[in-house]
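Trainee:
Protein chains in written order, with my numbering: chain A, 12 to 350; chain B, 12 to 350.
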């Protein structure tokens, strides 16, 4: 399977590291032999080599901050655009791992549409196109008989999308409710352990969970983006941020956390999608709710279904390797479907 | 998709009820139009109708205890064997939902092997053939390009098998550890709430969780059968019961439960499979372990993986509709692969 990577930040590098370390296992155990033929980034440059780029050399060049450091090769082309590389007609799938833009989803959305038009399967970690225009992408992919996959966009490689869309395909899902932002769950866990909000936030930043500007996490917008994705994927609804009730954890004081604890409950930032809409809000849960015992940066989701009742999935929601793993899972699913 | 059902007890009836209630949804939303062409049972008789049996009439006849009550039809044949119906060359898949025999797996194993030889896909709720001879069935299915699925055998329709074998196909699984028997988890939960073992067992029996002879549950053998299945499915190992360390909950006194509770821990009957073997044992878990908070008859499993760390799945582990749902999930996966 010949791949174009758009973006080569944390997720792209995590994916390349997995390919590097597991290539022989993937070939032997899964019959999967991927080749990265192109990589396009906004800041490091771009590379295209029809015979396949070397993952180790890609990672080493990325370390320098520029693909200029990638070794010369007679057939190597530098500085081609995504559009040019798609147009070269070599690749089987586009892996969209460039930074998420939840306002316009661009330029990723245009690249994804072009890739589908050109007959490429898609695997996205970039939330933008999935959150803002999943239904259009889905219609185009279906019309072309192509796979459109986005496991990485919600809970990293914890396989919520394959579970909801395939393993539970016989069930009607009535609601999805989860802890979909690890930073805020880490902060809430530390606050329950007695830490102040400011100290917990500072610790989350020191550990790399929270950005320097943590607003996207603590005000609920990151989780809200995932609600848009779930609304599209599970309920076929195209919602906008303005359709959601979104609040974060910034309004919670240590006293609130302590009050909940005294009542045998816990505050969790719960993101919810139903056929009727979606929300993100700090919510008191009884300890008997499986989501209540999810601590630290871990993510979790409960699907309410007609046939199975509640099914809960708990796992990592972020991380270089964990998100790269989701891309690999998507490509393996594409590979299975193609056989 | 034309189906032969072997067995029509709780699981088979649960599956037929789902088909009856969701037929138009499955056709419209999933492009799945199943037809039951044959049903063979040990106690109710057998029916074969190439144009398809009527689910409502099947369920009504089963209520009487005999398929003699199924309405007459010119093309209907009664009392054919599984072998005869397979030999008729009409069916696409065999659904094995007859009672589990963990000693010999027969007669289900022979029927499954014959079905594969005849080019039929397989979906099993019967644990026997999967626990005792998965690797042989797998080799034959692979050689024939057929699907072999058994979601129902572990955790009913909670999709542990699709998660482990497909959604996490990029990960190497290092261990599977779970609460795989709902009866014992219900008893342990009630004992932690102060009930005696005898009272909790009686309540589990009154609720239909435990059999009149509860030995298979409380001595750990039901869970051990699932360890055999996980060992084969996840690690390609053919283990026998005698290879496992199996103990149940019969040795636990109320004092043990209370001691654990006082130490901030909980006893759970943990079934474990690793590449090195398997076990079933009552185990004290800290409350921070996601398995510790799984109460009542609910099941749960944690997979330790190389790329994703721990991934935990929590859901129903038994039930008519929940197990029937697993058969449906398997058939939908077969249907997807066939497209």
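Note that beta-carbon positions come from the ideal geometry of N, C-alpha and C, so glycine has one too.
(1) According to the neighbour-count rule (16 or more other Cβ atoms, all chains shown, within 10 Å of its Cβ), is residue 228/B buried or exposed?
(2) Along the alpha helix (DSSP H) that carries residue 236/A, what are the first and last residues, could you check?
(3) Using DSSP's beta-bridge definition, name the partner residues of residue 315/B.
(4) Check whether the region 134-145 of chain A and the region 114-126 of chain A touch, using three or more Cβ-Cβ pairs below 8 Å as the test.
(5) Quick one: is residue 56/A buried, meaning 16 or more other Cβ sit within 10 Å of its Cβ, or exposed?
(6) Hey, how far is the Cα of residue 232/B from the Cα of residue 259/B?
(7) I want to see whether chain B comes within less than 8 Å of residue 12/A, judged by CB atoms only; does it?
(8) Compare the C-beta of residue 29/A against all C-beta atoms of chain B and say whether one is closer than 8 Å.
(9) For residue 326/A, decide whether its Cβ has a neighbour in chain B, counting only Cβ atoms nearer than 8 Å.
(10) Start and end of the alpha helix (DSSP H) containing residue 334/B?
(11) In the DSSP assignment, find the alpha helix (DSSP H) that holds residue 200/B and state where it starts and stops.
(12) Can you tell me whether residue 74/B is buried or exposed, with buried defined as 16 or more other CB within 10 angstroms of its CB?
(13) Starting from residue 182/B, find everything on chain A with Cβ-Cβ shorter than 7 Å and list it in chain order.
(14) When you compare the region 67-81 of chain B with the region 316-324 of chain A, are there three or more beta-carbon pairs, one atom per stretch, that lie closer than 8 Å?
(15) Whose C-beta lies closer than 6 Å to the C-beta of residue 51/A among residues of the same chain, with five residues either side of it excluded?
(16) Helix, strand or coil, according to DSSP, for residue 81/A in the structure here?
(17) Mind checking whether residue 292/A and residue 245/A have CB atoms under 8 Å apart?
(18) Taking the Cβ atom as the reference point for each residue, do residue 335/B and residue 22/B lie within a distance shorter than 8 Å?
(19) Which runs of the beta strand (DSSP E) fall wholly inside the region 118-152 of chain B and span at least 3 residues, in chain order?
(20) Quick check on residue 52/B - is its C-beta less than 8 Å from some C-beta in chain A?
(21) In the DSSP assignment, find the unbroken beta strand (DSSP E) run with residue 7/B in it and report its ends.
(22) Nearest to residue 38/A by alpha carbon, out of 180/B, 153/B, 37/B?
(23) Once you ignore the five residues that flank residue 294/A on each side, which residues in its own chain have a CB closer than 8 Å to its CB?
(24) Residue 278/B bridges to which residues according to DSSP?
(25) Of the choices 99/A, 237/A, 134/A, 156/A, whose alpha-carbon is the least far from that of residue 62/A?
(26) Assuming residue 171/B and residue 324/B make a contact with CB atoms under 8 Å, what is their CB distance in whole Å?
(27) By DSSP, does residue 256/A sit in helix, in strand, or in coil?
(28) Under 8 Å by Cβ, that's how I've got residue 202/B and residue 268/B pegged, so tell me the actual separation to the nearest angstrom.
(29) Check whether the Cβ atoms of residue 48/B and residue 15/B sit closer than 8 Å, and answer yes or no.
(30) Is the CB of residue 145/B under 8 Å away from at least one CB in chain A?
(31) Let's test the definition: count the other Cβ atoms within 10 Å of the Cβ of residue 31/B and tell me whether it reaches 16, buried, or not, exposed.
(32) Please classify residue 89/A: is it buried, with 16 or more other beta-carbons within 10 angstroms of its beta-carbon, or exposed?
(33) Taking only three categories from DSSP, how would you classify residue 2/A?
(34) At least one CB of chain A closer than 8 Å to the CB of residue 320/B: is that the case?
(35) If you measure from the beta carbon of residue 41/B to each beta carbon in chain A, is any gap under 8 Å?
(36) Is there a C-beta anywhere in chain B that falls below 8 Å from the one on residue 24/A?
Mentor: Straight from the coordinates:
(1) buried
(2) 232-246
(3) 186/B, 321/B
(4) yes
(5) buried
(6) 8 Å
(7) no
(8) yes
(9) yes
(10) 331-349
(11) 193-203
(12) exposed
(13) 336
(14) no
(15) 17, 57, 93
(16) coil
(17) no
(18) yes
(19) 132-135
(20) no
(21) Residue 7/B lies beyond the range of chain B shown here (12 to 350); nothing can be said about it.
(22) 180/B
(23) 278, 279, 280, 281
(24) 295/B
(25) 99/A
(26) 6 Å
(27) strand
(28) 5 Å
(29) yes
(30) no
(31) exposed
(32) exposed
(33) Because residue 2/A is not part of the residues shown, which for chain A are 12 to 350, the question remains open.
(34) yes
(35) yes
(36) no
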